[in-house]
Ligand code: ADP
Ligand code: 5GP
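Numbering (this note's numbering), first residue to last: 1 to 205.
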């Protein structure tokens, strides 16, 4: 059995990460989605432990001090972090894990987690990004404006990611994301250790 792969997905808010992750999560039985901790308030319809673990700033600070996060960042005025515990448990069981996190958190993992795969989702353009954020109808005008202002800086970071996917048509972008996951699973460095005992001629690879 191989160790699970970490798929780190970032995008400017409203580009469609959440929609894309929902499209693909049931497609791969051996894929899990990490649930982050945040100090942001729940949006309508969001569920504790499903969308996020919603915690107070004091609890978040305690977790940072206790070293419970593999990465964390201040994003759009709120703290977000990924706890290491379930990530490591899943990966040890051979399950791949998707992390929907911002570029600051992704950059932290780029340094600490060799072998992680970095995927950036782009909207077709800034006007469409604004339309999606407004159409989602979940954030105030002020929050939407702050997210659009932050988008430019986030998009600058796209250059160091392994894969860039433009989410124009959702189905097409989901197919691309599935393709990336499937291809990464087939990398020889990941498959070889699992088949060495089956094929004697591969024992010394
Ligand atoms: P994110 O998680 O990146 O902030 P969401 O997945 O919440 O973004 O998407 C933002 C809004 O855009 C939602 O209303 C969603 O339904 C819509 N959306 C997502 N992908 C597309 C797409 N390819 N075409 C049109 N609308 C989309
Ligand atoms: P939202 O408030 O729209 O759910 O998320 C805002 C931003 O926070 C998104 O860019 C999302 O990817 C990011 N985010 C969510 N969870 C985490 C996390 O655990 N760590 C980091 N660094 N960013 C996160």
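Where a beta carbon is used, it is the ideal one built from N, C-alpha and C, also for glycine.
Alpha carbon to alpha carbon, what distance is there between residue 104 and residue 97?
Computed Cα separation, rounded: 19 angstroms.
Does residue 195 pass the burial test, meaning 16 or more other C-beta atoms within 10 Å, or should it be called exposed?
Exposed, by the Cβ-count rule.
Segments assigned beta strand (DSSP E), at least 3 residues, entirely inside the region 126 to 174:
With a minimum length of 3 residues, the continuous beta strand (DSSP E) runs that stay inside the region 126 to 174 are 163 to 166.
For the ligand 5GP, I want to know if residue 71 counts as a neighbour, meaning its beta carbon is within less than 7 angstroms of at least one of the ligand's heavy atoms.
For the ligand 5GP, at least one heavy atom lies less than 7 angstroms from the Cβ of residue 71.
Of the choices 181, 191, 154, whose alpha-carbon is the least far from that of residue 12?
Residue 154 is the option with its Cα nearest to residue 12.
Once DSSP output is grouped into helix, strand and coil, what is the label at residue 60?
Helix at residue 60.
Using a threshold of 7 angstroms, is the CB atom of residue 146 nearer than that to any non-hydrogen atom of the ligand ADP?
Because no heavy atom of the ligand ADP lies under 7 angstroms away, the Cβ of residue 146 does not count as near it: no.
To which residues does DSSP link residue 82 through a beta bridge?
Answer is 71, bridged to residue 82.
Assuming residue 35 and residue 101 are in contact, meaning their beta carbons sit under 8 angstroms apart, how far apart are those beta carbons, in whole angstroms?
Between residue 101 and residue 35 the Cβ distance is about 12 angstroms, and since that is not below 8 angstroms, they are no contact.
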